[in-house]
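Report on one structure; see the data block that follows.
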Ligand SMILES: Nc1ncnc2c1ncn2[C@@H]1O[C@H](COP(=O)(O)OP(=O)(O)OP(=O)(O)O)[C@@H](O)[C@H]1O
Ligand SMILES: [Mg+2]
């Protein structure tokens, strides 16, 4: 009898106390009139992680971020920062800072004045301020630009000033709303690397909004996939990519095939819908051998898109439905790839790559179109 | 031919536009020629005539204009205390009117530009502009009726037991001017406020600044050009007006002196010299505004 309380005490000693999340959303809802922008979201963002919010346009990412920053207040639910509820607090009362999508640099101030603005508001003495501003500009690789006006900077430089202006405040959490959206591909990729380096350097919590799945996958420790104001899945990039929880996630995070119903039954022996990644599928001659661990399906190549390093084929299956197949162009020239159009082929992939999902494929169609548009 | 669709006139036009592109000055001249010519001849021309006339003078015995250079008019203005008082009075009222209008215009334009839903914004703007559709004299007479002894305001004051009449005084002039020029101050201020992106205010708040700090450090510097533009209207219109003073006031302003000298006294050279006073005052005003950096954010 007397052993029970001590056992309890032992248990609570052994079990690790979960660390306080940097940001916590509890049942957060945001309505604008009839529009439900954010629909009952629960989310924990851990201390020091690079967390991405990924989702198509209008899925509620920006609204979510703006509620964390304090620019909008939730219709329902609560928001906590570092274990403290801040739901009703104004932006200037929260220890978060934002890098705005349009940078929002003050046009009448120099770069140094912009970066020092928050410190000036905090009444940091002038000498300290100057040093911290110089450090922050150093960190974003713009040490010589302090005296310029924002209008005299390129888009990428403005973006870095916006980043420095937020970083210099040493916030607990930094919110970034598609900060690279306006940049060209080259600069974008360079900035992605720099951002990630800076985040590791200062070990801040980053919440990063993007609708670019590649960006989210390469930069994040974890990500949340948004759809219509709800979160479909939260996990590491590998988890989300390899084991998408829903058809929507499978489609949005990289192109994915969803087979269901008769086609699924014909190919895998079970009508339950599943996804298969285009790059996991091999394309062979019709008479190729199939071992017991593999799925196989025959069909005709309907479409060939030569993409340089890879070629994308759309194969019309004899069992109905179609599959997107992605092949490395190891020894294939564009001529050879294009000649495959119309040919009868056998598709083979390992059964273990099938991922059962719950969602209807309808949600997938739209996102495939979007993916197509991004690729072109 | 691939260029078969390009007709000869298209070719000419393409040539012309290429030519103009290479000769930007010519393009500018073609664009601005007419208005610039009008400006030089009519505006600067009359200003020059005014300037020249100011240095002639009226012969006291013959009543004729003597077209010879002299500083007589300016000596009169400088030495006669009556004129100095009139200039200072005009200047004081003009400043008071300008300040009053800025103070009144800010909340109106801030509400319209930044907070009001579309319908309320239109309502405010229409309410501000509406008086401009009514005749200027009618509006002054309306104020005369309100402010004069036995008028609406006095009657209202008496109802609450205050016996104070402001009819026919500088206070009445100040109130009437402030009312008349308010739209000219609201509109540029509204335009300036509307141009400030909302994300700048959010960024300021995000960086820890409360409302007042954001106003002082972000909003105000960005709308200074709008405020200056509005104040130039209120200030210069007050300096030049003489009708309001005649209808609701009891003293003389710069405008009245000029009017009297052109009309009753037929002393056009003196009127011209006196008319240079508001020009000088405006120049100083603009210079100060420029030195304070009012036009930097333009
Ligand atoms: N101020 C507002 N008033 C009315 N509706 C709004 C407002 N802000 C957002 N919405 C709506 O809320 C939904 C979510 O918008 P949000 O800006 O959060 O999307 P997003 O995921 O950031 O999209 P994007 O990738 O295009 O930026 C959209 O349907 C949008 O039209
Ligand atoms: Mg957005």
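Chains as they are written, first to last, in the working numbering: chain A, 684 to 1059; chain B, 6 to 303.
Ideal Cβ placement from N, Cα and C applies to all residues, glycine included.
Quick one: which residues of the region 58-82 of chain B get their C-beta closer than 9 Å to a C-beta of chain A? List them in chain order.
Residues passing the 9 Å Cβ filter: none.
For chain A, check one thing: does any of its Cβ atoms lie closer than 9 Å to the Cβ of residue 121 of chain B?
Residue 121 of chain B does not count as touching chain A.
Applying a beta-carbon distance threshold of less than 7 Å, which residues of chain B neighbour residue 783 of chain A?
Result: 204 and 208.
Could you round the C-beta distance between residue 905 of chain A and residue 732 of chain A to whole angstroms and report it? I think they count as a contact, below 8 Å.
Confirmed, Cβ separation roughly 6 Å.
Report the rounded CA-to-CA distance for residue 233 of chain B versus residue 793 of chain A, giving the unit in angstroms.
Taking the straight line joining both Cα atoms gives about 23 Å.
Is there at least one Cβ from chain B nearer than 9 Å to residue 822 of chain A's Cβ?
So, not an interface residue.
Any chance you could list the residues with Cβ under 5 Å from a heavy atom of ligand 1, keeping chain order?
So the residues near ligand 1 by this Cβ test are A:715, A:718, A:720, A:740, A:741, A:742, A:743, A:744, A:745, A:746 and A:894.
What residues from chain B crowd round residue 991 of chain A, counting only those whose CB sits closer than 8 Å?
The premise fails here: residue 991 of chain A is roughly 32 Å from chain B at the closest Cβ pair, so nothing lies under 8 Å.
Compute the minimum distance between the beta carbon of residue 207 of chain B and the heavy atoms of ligand 2, and state whether it is under 8 Å.
Not so, every heavy atom of ligand 2 lies at least 8 Å from the Cβ.
Compare the C-beta of residue 887 of chain A with all C-beta atoms of chain B and state if any pair is closer than 9 Å.
No - not a single Cβ of chain B is within 9 Å of the one on residue 887 of chain A.
For the beta strand (DSSP E) containing residue 1015 of chain A, name the first residue and the last one.
Counting along the chain, residue 1015 of chain A falls outside any beta strand (DSSP E), and DSSP gives it neither H nor E.
Identify every run of the alpha helix (DSSP H) within the region 234-272 of chain B, keeping only runs that are complete inside it and at least 4 residues long; order them along the chain.
With a minimum length of 4 residues, the continuous alpha helix (DSSP H) runs that stay inside the region 234-272 of chain B are 248-253 and 259-267.
Please list, in chain order, all residues of the same chain as residue 892 of chain A whose beta carbon is under 7 Å from its beta carbon, the five residues on each side excluded.
Excluding residues within five positions, the ones whose Cβ falls inside 7 Å are 736, 744, 745, 748, 859, 860 and 861.
Using the C-alpha atoms, what's the distance from residue 112 of chain B back to residue 134 of chain B?
Taking the straight line joining both Cα atoms gives about 16 Å.
Along the chain, where does the beta strand (DSSP E) containing residue 781 of chain A start, and where does it finish?
Element bounds for residue 781 of chain A: 779-782.
For the region 211-238 of chain B, which residues have a beta carbon sitting closer than 7 Å to at least one beta carbon of chain A?
Correct list: 211, 212, 213, 214, 215, 218, 223, 226 and 227.
List the endpoints of the continuous beta strand (DSSP E) containing residue 977 of chain A.
That run of the beta strand (DSSP E) goes 977-989.
Grab me the residues of residue 6 of chain B's own chain with a C-beta within less than 8 Å of its C-beta, minus the 5 sequence neighbours each way, in chain order.
At residue 6 of chain B, the pLDDT of 41 sits below 50, so the modelled position is not reliable; the number obtained from the coordinates is stated separately. Counting only Cβ-Cβ distances below 8 Å, and skipping sequence neighbours, we find nothing.
Apart from the five residues just before and just after residue 819 of chain A, which ones in its own chain have a Cβ nearer than 8 Å to its Cβ?
Excluding positions up to five away in sequence, the list reads 798, 847, 848, 850 and 851.
List the residues of chain B that residue 775 of chain A touches, going by C-beta distances under 7 Å, in chain order.
Simply 210, 213, 214 and 215.
Of all the CB atoms in chain B, is at least one closer than 9 Å to the CB of residue 736 of chain A?
Closer than 9 Å: no.
Compute the minimum distance between the beta carbon of residue 785 of chain A and the heavy atoms of ligand 2, and state whether it is under 8 Å.
Checking the Cβ of residue 785 of chain A against ligand 2 gives no.
I'd like to check one pair, residue 933 of chain A with residue 1037 of chain A: are the Cβ atoms closer than 9 Å?
It is not a contact, given that the beta carbons lie outside the stated cut-off.
Would you mind telling me which residues of chain B sit closer than 8 Å to residue 902 of chain A, beta carbon to beta carbon, in chain order?
The contacting residues do not exist; residue 902 of chain A stays about 22 Å from chain B at best.
Are the C-beta of residue 788 of chain A and some C-beta of chain B separated by less than 9 Å?
So yes, residue 788 of chain A belongs to the interface.
When Cβ atoms are compared, which residues of the region 795-826 of chain A fall closer than 7 Å to chain B?
If the cut-off is 7 Å between Cβ atoms, the region 795-826 of chain A has 800, 801, 804 and 805 near chain B.
Look up residue 996 of chain A in the DSSP assignment and say whether it is helix, strand or coil.
Strand at residue 996 of chain A.
Any beta-carbon of chain A closer than 9 Å to the one on residue 295 of chain B?
Judged by the 9 Å Cβ criterion, residue 295 of chain B is not in contact with chain A.
Hey, is residue 953 of chain A close to ligand 2, as in C-beta under 8 Å from one of its heavy atoms?
Residue 953 of chain A: no, Cβ never under 8 Å from ligand 2.
Against chain B, does residue 852 of chain A count as a neighbour if the rule is that its beta carbon must be under 9 Å from one of theirs?
Yes, residue 852 of chain A lies at the interface with chain B (some Cβ there is under 9 Å from its Cβ).
Can you check whether the CB of residue 1041 of chain A is closer than 9 Å to the CB of residue 864 of chain A?
No, these two residues do not count as a Cβ contact at 9 Å.
Among the candidates B:210, B:284, B:79 and B:248, whose CA atom is the shortest distance from the CA of residue 788 of chain A?
Residue 788 of chain A has its Cα closest to that of B:210, out of B:210, B:284, B:79 and B:248.
By the three-class DSSP mapping on this structure, what secondary structure does residue 36 of chain B have?
Three-state DSSP puts residue 36 of chain B in a helix.
Measuring only between beta-carbons, confirm whether residue 892 of chain A sits less than 9 Å from chain B.
No - not a single Cβ of chain B is within 9 Å of the one on residue 892 of chain A.
I want to see whether chain B comes within less than 9 Å of residue 779 of chain A, judged by CB atoms only; does it?
It does; some Cβ of chain B falls within 9 Å.
Closer than 8 Å to a non-hydrogen atom of ligand 2 - does that hold for the CB of residue 727 of chain A?
The answer is no for residue 727 of chain A.
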